[in-house]
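K.L.:
For what it's worth, this note's numbering labels the leading residue of the sequence shown as 280, then goes sequentially.
By construction, the Cβ of each residue, glycine as well, lies at the ideal position given by its N, Cα and C atoms.
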Amino acid sequence: MMVCQLCKKEYAKDQAVWNCECGGYLTVTGVKKELHKEQVEKGPRSLWRYGGVIPVGDKYRVSMGEGFTPLIPGKDPGLYFKLDFVQPTGSYKDRGTCIVVSKLKEWGIREVIEDSSGNAGASLAAYCANNGIACEIYAPAYTSPGKLAQIAAYGAKLIKVPGTREDTTAAARLRAQEVFYASHNWVPYFIEGTKTLAYELWEQLGWRAPWGVVVPAGNGSLVLGLYKGFQELLSMKYIDFLPRIIAVQSENCCPVYQAFHGGLTTVPKVEKKPTRAEGITSAQPVKGPALLEAIRNSKGTVIKVTEEEITQAYQYLGHQGLYVEPTSATVWAAWEQINETGLAGQGTLVMVLTGSGLKAQ
Ligand SMILES: *Cc1c(COP(=O)(O)O)cnc(C)c1O
Ligand SMILES: [Zn+2]
280 MMVCQLCKKE YAKDQAVWNC ECGGYLTVTG VKKELHKEQV EKGPRSLWRY
330 GGVIPVGDKY RVSMGEGFTP LIPGKDPGLY FKLDFVQPTG SYKDRGTCIV
380 VSKLKEWGIR EVIEDSSGNA GASLAAYCAN NGIACEIYAP AYTSPGKLAQ
430 IAAYGAKLIK VPGTREDTTA AARLRAQEVF YASHNWVPYF IEGTKTLAYE
480 LWEQLGWRAP WGVVVPAGNG SLVLGLYKGF QELLSMKYID FLPRIIAVQS
530 ENCCPVYQAF HGGLTTVPKV EKKPTRAEGI TSAQPVKGPA LLEAIRNSKG
580 TVIKVTEEEI TQAYQYLGHQ GLYVEPTSAT VWAAWEQINE TGLAGQGTLV
630 MVLTGSGLKA Q
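As structure tokens, then:
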């Protein structure tokens, strides 16, 4: 079932919808949880090893080997890097896209559109190509050429929109009146994919929860996925506390940071400035209230980083052999502040590296 977070209207799982008729966003509820460690260990080397908690019918499940990415220790005690850019299209978005495209198959949808700052579009274009679904991607004209080339290589129709990220969304929303809007920010099943990140960390750390997880946040699909996954693990008594979710934003576009530290329960739109962290430039995230709730309930926080800190972190990670895009380097850019605020050294801390550096040029 899906439930609107504004008006509480319910939709059956076989209804092909991406939002509520009132304009609110939907979440998937009532997920059956049948997960046994022995079966997980014997499962495929992909996120489908957690198939027992993913609400898609068996015969619709698509896969290109997404998920089950490496977790490696960093130089500091207790610190780990989750190499979530080691995915079929080079970003963590494949987790969410895999489940969305499985659901599109279940719904019998053959044509979709999406708007993206690059990685989500590339991911959807790839999974659609692999599954015979026609795909149109709207991307800001300023998107990294590497990402645009990747989207085109998958054979998707690419529309470059001049102006801001918001202008791109507006153009896509207009087209969405005719074609199904498979937006990673809206289709609620995307989070059913990103939540596998929580399950994976739990398994890879020897069936235990990390103390905290550091992720970049734009619209917050990693924040919400981790929160949902850890909550499910808690309800199954597989873990006994909620790991802290530490979200990182660019100082030049940090609506969640401002709302969190301003004590608000919604996220007002901000004026933004250009940033190297192109993957997290949402002036107003779609699911603002849910993001704030997830971060607060987990006893986490939001950190903002400057352009200079992002550049230094990008270089530092490169010099560790970790070639990620500037958006992903934000998590390391937050390290000093994490230390200063006493969030380090309390237990295992995982930094999620979300996107490959190879296409961010
Ligand atoms: C999309 C993206 C993010 C941010 O994801 P949100 O769901 O918008 O918070 C972070 N890093 C990379 C590389 C991305 O592509
Ligand atoms: Zn509604």
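Count the CB pairs spanning the segment 513-520 and the segment 480-494 that are closer than 8 Å, and state whether there are at least three.
P.N.:
yes
K.L.:
Check whether the Cβ of C283 sits closer than 7 Å to any heavy atom of ligand 2, and report yes or no.
P.N.:
Walking along the sequence shown from the start, residue 283 turns up at place 4. Flag set: Cβ of C283 near ligand 2.
K.L.:
Leaving aside the five residues before and after A608 along the sequence, list all residues of the same chain whose C-beta is less than 6 Å from its C-beta, in chain order.
P.N.:
Within the sequence shown, numbered from 1, the residue matching residue 608 stands at position 329. Around A608: I589, A592, Y593, L596.
K.L.:
With contact counted as at least three CB pairs below 8 Å, one residue from each stretch, are the segment 435-442 and the segment 569-577 in contact?
P.N.:
no
K.L.:
Can you tell which of Q625, E587, S370 has the C-alpha that lies nearest to the C-alpha of G579?
P.N.:
Start at 1 with the first residue of the sequence shown, and residue 579 comes out as number 300. It is Q625 whose Cα lies nearest to the Cα of G579.
K.L.:
Does ligand 1 have a heavy atom nearer than 7 Å to the CB of I559?
P.N.:
Here residue 559 corresponds to residue number 280 of the sequence shown, with the count starting at 1. I559: yes, Cβ under 7 Å from ligand 1.
K.L.:
Could you say which of S381, A404, D394 lies nearest to P419 if we only look at CA atoms?
P.N.:
Counting from 1 along the sequence shown, the entry for residue 419 is found at position 140. Ranked by Cα distance from P419, the first of S381, A404, D394 is D394.
K.L.:
Measuring straight from C-alpha to C-alpha, what distance separates Y417 and G303?
P.N.:
For the purposes of this step, residue 417 is identified with residue 138 of the sequence shown, where counting begins at 1. For the purposes of this step, residue 303 is identified with residue 24 of the sequence shown, where counting begins at 1. So the alpha carbons of these two residues sit roughly 22 Å apart.
K.L.:
Could you tell me if the beta carbon of G634 falls within a distance shorter than 7 Å of some heavy atom in ligand 1?
P.N.:
On the sequence shown, residue 634 is found 355 positions in, with the first residue counted as 1. Yes; taking the cut-off as 7 Å, the Cβ of G634 has a heavy atom of ligand 1 nearer than that.
K.L.:
Can you determine whether any heavy atom of ligand 2 sits closer than 7 Å to the C-beta of C286, and answer yes or no?
P.N.:
Reading the sequence shown from its first residue, position 7 is the one you call residue 286. Yes, since a heavy atom of ligand 2 falls inside the 7 Å radius drawn around the Cβ of C286.
K.L.:
Is R523 helix, strand or coil when you go by DSSP?
P.N.:
As a position in the sequence shown, residue 523 is number 244, starting the count at 1. In this structure, R523 counts as strand in the three-state DSSP scheme.
K.L.:
Give the list of continuous alpha helix (DSSP H) stretches no shorter than 4 residues that lie fully inside the segment 565-611.
P.N.:
567-576, 586-598
K.L.:
Whole-angstrom Cβ separation of V493 and V629, contact assumed at under 8 Å?
P.N.:
Taking the sequence shown and counting its residues from 1, the one referred to as residue 493 is at position 214. Taking the sequence shown and counting its residues from 1, the one referred to as residue 629 is at position 350. Indeed they touch by this definition, with Cβ atoms about 7 Å apart.
K.L.:
So G425 is in the alpha helix (DSSP H); what residue range does that whole segment cover?
P.N.:
The sequence position of residue 425 within the sequence shown is 146, counting from 1. Segment 424-432, the alpha helix (DSSP H) holding G425.
K.L.:
At what residue ranges does the segment 349-432 contain a whole run of the alpha helix (DSSP H), taking only runs of 4 or more?
P.N.:
With a minimum length of 4 residues, the continuous alpha helix (DSSP H) runs that stay inside the segment 349-432 are 372-386, 398-409, 424-432.
K.L.:
Would you mind working out which of N298, Y433, L632 sits nearest A613, comparing C-alpha positions?
P.N.:
If you number the sequence shown from 1, residue 613 lands on position 334. Taking only the C-alpha atoms, the option nearest A613 is L632.
K.L.:
Find the nearest neighbour of S325 within the set E317, C377, H315, L637, judged by alpha-carbon distance.
P.N.:
Position 46 of the sequence shown holds residue 325. Comparing Cα positions, the closest option is C377.
K.L.:
Give the DSSP-derived three-state secondary structure of G472 in the structure shown.
P.N.:
The residue you call residue 472 lines up with position 193 of the sequence shown. Here DSSP, grouped into helix, strand and coil, assigns G472 to helix.
K.L.:
Can you give me the C-alpha to C-alpha distance between R444 and I559, rounded to a whole angstrom?
P.N.:
Indexing the sequence shown from 1 puts residue 444 at position 165. Indexing the sequence shown from 1 puts residue 559 at position 280. Approximately 10 Å, taken between the alpha carbons.
K.L.:
Can you tell me whether G567 sits near ligand 2, meaning its C-beta is under 7 Å from at least one heavy atom of the ligand?
P.N.:
As a first step, residue 567 is located in the sequence shown; it is residue number 288 there, counting from the start. Answer for G567: no, Cβ out of range of ligand 2.
K.L.:
Is K653 a contact residue of ligand 1, with contact defined as CB to any heavy atom under 7 Å?
P.N.:
An answer regarding residue 653 cannot be provided, because it is not within the stretch 280 to 640 covered by the chain.
K.L.:
Does the Cβ-Cβ distance between A404 and Y433 come in under 8 Å?
P.N.:
Start at 1 with the first residue of the sequence shown, and residue 404 comes out as number 125. Start at 1 with the first residue of the sequence shown, and residue 433 comes out as number 154. Their beta carbons are under 8 Å apart, which means A404 touches Y433 by this criterion.
K.L.:
Would V335 and E390 qualify as a contact pair, given that the criterion is a beta-carbon distance under 8 Å?
P.N.:
Sequence index remark: in the sequence shown, residue 335 carries index 56 (1-based). Sequence index remark: in the sequence shown, residue 390 carries index 111 (1-based). Contact flag unset, no.
K.L.:
Based on the DSSP secondary-structure assignment, which residues constitute the bridge partners of T495?
P.N.:
Within the sequence shown, the letter at position 216 stands for residue 495. The amino acid at residue 495 is misidentified as Thr; the sequence shows Pro. According to DSSP, which records beta bridges pairwise, P495 is partnered with V527.
K.L.:
Thinking C-alpha only, which one of S396, T308, Y329, I525 is nearest R575?
P.N.:
For the purposes of this step, residue 575 is taken as residue 296 along the sequence shown, with counting starting at 1. Closest by alpha carbon: I525.
K.L.:
Measuring straight from C-alpha to C-alpha, what distance separates K436 and A291?
P.N.:
If you number the sequence shown from 1, residue 436 lands on position 157. If you number the sequence shown from 1, residue 291 lands on position 12. Answer to the nearest angstrom: the Cα atoms are 31 Å apart.
K.L.:
Reducing DSSP to helix, strand and coil, say where G504 ends up.
P.N.:
What you label residue 504 is simply residue 225 of the sequence shown in a count that begins at 1. Three-state result, G504: helix.
K.L.:
On the criterion of 16 or more Cβ atoms from any shown chain inside 10 Å, does A451 qualify as buried, or is it exposed?
P.N.:
Residue numbering aside, residue 451 sits at position 172 when the sequence shown is read from its first letter. Buried is the label assigned to A451, since at least 16 other Cβ atoms lie within 10 Å of its Cβ.
K.L.:
Cβ-heavy atom distance between E345 and ligand 1 below 7 Å?
P.N.:
Sequence index remark: in the sequence shown, residue 345 carries index 66 (1-based). Every heavy atom of ligand 1 is 7 Å or more from the Cβ of E345, so no.
K.L.:
Restricting to Cα atoms, I'd like to know which of V535, F459, G322, Y406 is closest to V296.
P.N.:
The residue you call residue 296 lines up with position 17 of the sequence shown. Sorting V535, F459, G322, Y406 by C-alpha distance to the C-alpha of V296 places F459 at the top.
K.L.:
Cβ of G400 versus every heavy atom of ligand 2: is any distance shorter than 7 Å?
P.N.:
For the purposes of this step, residue 400 is taken as the residue at position 121 of the sequence shown. No, Cβ of G400 sits at least 7 Å from all heavy atoms of ligand 2.
K.L.:
How would you call L305, buried or exposed, if buried means at least 16 neighbouring beta carbons within 10 angstroms?
P.N.:
Walking along the sequence shown from the start, residue 305 turns up at place 26. Buried.
K.L.:
My guess is that M281 and P467 are in contact by the Cβ rule of under 8 Å, so how many angstroms apart are they, rounded?
P.N.:
Numbered from its first residue, the sequence shown carries residue 281 at position 2. Numbered from its first residue, the sequence shown carries residue 467 at position 188. Confirmed, Cβ separation roughly 6 Å.
K.L.:
Would the C-beta of G504 count as close to ligand 2, meaning under 7 Å from any of its heavy atoms?
P.N.:
Sequence index remark: in the sequence shown, residue 504 carries index 225 (1-based). No.
K.L.:
Hey, quick one: how far does the beta strand (DSSP E) through T447 stretch, first residue to last?
P.N.:
Translated into positions along the sequence shown, residue 447 becomes position 168. Counting along the chain, T447 sits inside no beta strand (DSSP E); it lies in the alpha helix (DSSP H) bounded by residues 444-454.
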